[in-house]
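**Student:**
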Amino acid sequence: DAEITQSPRHKITETGRQVTLACHQTWNHNNMFWYRQDLGHGLRLIHYSYGVQDTNKGEVSDGYSVSRSNTEDLPLTLESAASSQTSVYFCASSTPGPPGETDTQYFGPGTRLTVL
Amino acid sequence: AQSVTQLGSHVSVSEGALVLLRCNYSSSVPPYLFWYVQYPNQGLQLLLKYTSAATLVKGINGFEAEFKKSETSFHLTKPSAHMSDAAEYFCAITEGRGGKLIFGQGTELSVKP
């Protein structure tokens, strides 16, 4: 079955280290998204991509970067991890819906990141 | 700018009682609206979505939501709560195609035996 996976599921790192979270989907979806989930804020968009070599900043992109070298993967990199980036990170993918409908996003299981 | 507001961060109901989770939205264009459910330590699962085809939308697990433009609301209901419905529920909005979602802050539903 097609799916979306994230790795690692749990990660503990130290302030200042570079961290990369992986996201892989087998649906061949063009659109991929990264969100972070924090209490009281719901999910907030970090970065998104509409296809290979396309990346865009979301609402809370500072301190994060993404690259899209193929359809299946959108890794999220924290250049220099900060304690404020302790959060649960979700990857999602979607494909355009039929005329008159919008896309539907499908979410991965999440990565819990702790920055000490 | 679009936004959604979920009224009540925690809702508690008894098993068998009506579930009502409130969501109000703000949008300058006709919105697409979603409800997602998140069970503990899991990702988000789509419950239902409004795409203008019908104002009353039926979803999975017996949930439904009604789009009311005059009230800018998209409340989620279920006639009879089950213990398995205990989870966090998120309302979300997107502007047109492209799929970027803006989420509400979430409502945690507890179901008492």
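Going down the list, the protein sequences come from chains A and B. By the numbering used here, the letter at position 106 of the first sequence is numbered 106, and the numbering carries on one by one without gaps. By the numbering used here, the letter at position 50 of the second sequence is numbered 166, and the numbering carries on one by one without gaps. Each residue gets a CB set at the ideal place from its N, CA and C atoms; glycine is no exception.
Near residue 148 of chain B, which residues of its chain fall below 6 Å by C-beta distance, leaving aside the five closest residues on each side in sequence?
**Tutor:** For residue 148 of chain B, where only same-chain residues beyond five positions count, the Cβ hits under 6 Å are 167, 210.
**Student:** Determine the extent of the beta strand (DSSP E) in which residue 217 of chain B is found, giving its start and end residues.
**Tutor:** 217–219 is the span of the beta strand (DSSP E), which, as asked, contains residue 217 of chain B.
**Student:** Taking 8 Å as the CB-CB limit, is residue 101 of chain A close to chain B?
**Tutor:** So yes, residue 101 of chain A belongs to the interface.
**Student:** Whole angstroms are fine: how far does the CA of residue 215 of chain B sit from the CA of residue 126 of chain B?
**Tutor:** Cα to Cα, the separation comes out at about 27 Å.
**Student:** Just verifying my parser: in three-state terms, what is the DSSP assignment at residue 80 of chain A?
**Tutor:** Here residue 80 of chain A sits in coil by DSSP.
**Student:** Is residue 75 of chain A close to chain B? Criterion is C-beta to C-beta, closer than 8 Å.
**Tutor:** Not one chain B Cβ lies under 8 Å of residue 75 of chain A.
**Student:** Under 9 Å, CB to CB, which of the residues in the segment 31–47 of chain A have a partner in chain B?
**Tutor:** Result list: 31, 33, 35, 37, 39, 40, 41, 42, 43, 44, 45.
**Student:** On the DSSP letters alone, give me the boundaries of the beta strand (DSSP E) that residue 47 of chain A sits inside.
**Tutor:** 42–51 is the extent of the beta strand (DSSP E) around residue 47 of chain A.
**Student:** Taking buried to mean at least 16 other C-beta atoms within 10 Å of its own C-beta, is residue 32 of chain A buried or exposed?
**Tutor:** Its Cβ being crowded by 16 or more others within 10 Å, residue 32 of chain A is buried.
**Student:** In chain A, which residues lie with their C-beta within 9 Å of the C-beta of residue 167 of chain B?
**Tutor:** Under the 9 Å cutoff, chain A gives 97, 100, 101, 102.
**Student:** With DSSP as the reference, identify every bridge partner of residue 209 of chain B, one or two as the case may be.
**Tutor:** B:149, B:218, per the DSSP bridge assignment.
**Student:** Would you verify that the beta carbon of residue 65 of chain A is, or is not, closer than 8 Å to some beta carbon of chain B?
**Tutor:** So, not an interface residue.
**Student:** When burial is assigned at 16 or more other CB atoms within 10 Å of the CB, is residue 20 of chain A buried or exposed?
**Tutor:** Exposed is the call here.
**Student:** Among B:136, B:158, B:130, whose alpha-carbon lies nearest the alpha-carbon of residue 180 of chain B?
**Tutor:** Ranking the options by Cα distance to residue 180 of chain B, first place goes to B:136.
**Student:** Closer than 9 Å by beta-carbon distance: list the chain B residues that pair up with residue 7 of chain A, in chain order.
**Tutor:** In chain order: nothing, as chain B lies at least about 13 Å away.
**Student:** Go to residue 144 of chain B, then tell me how far its beta strand (DSSP E) extends in each direction, as first and last residue.
**Tutor:** Counting along the chain, residue 144 of chain B falls outside any beta strand (DSSP E), and DSSP gives it neither H nor E.
**Student:** Checking contacts by CB at 8 Å: is residue 85 of chain A closer than that to chain B?
**Tutor:** No, residue 85 of chain A lies away from the interface with chain B (no Cβ there is under 8 Å from its Cβ).
**Student:** Is the segment 12–19 of chain A touching the segment 86–104 of chain A in the sense that three or more CB pairs, one from each, lie closer than 8 Å?
**Tutor:** Contact between the segment 86–104 of chain A and the segment 12–19 of chain A is absent, because fewer than three Cβ pairs lie under 8 Å.
**Student:** Note down, in chain order, every chain A residue with its Cβ under 7 Å from the Cβ of residue 312 of chain B.
**Tutor:** The shown model of chain B, from 117 to 229, leaves out residue 312 of chain B, and the question about it has no answer.
**Student:** Whole angstroms are fine: how far does the CA of residue 132 of chain B sit from the CA of residue 172 of chain B?
**Tutor:** Between residue 172 of chain B and residue 132 of chain B, the C-alpha separation is close to 22 Å.
**Student:** Check the C-beta distance from residue 37 of chain A over to residue 4 of chain A and give it rounded, since I have them as a contact under 8 Å.
**Tutor:** Rounded, the Cβ-Cβ distance is 16 Å, inconsistent with contact.
**Student:** In the structure shown, what three-state DSSP assignment does residue 200 of chain B receive?
**Tutor:** Reduced to three states, the DSSP call for residue 200 of chain B is helix.
**Student:** Chain B partners of residue 94 of chain A, CB-CB under 8 Å?
**Tutor:** Those are 215, listed as they occur along chain B.
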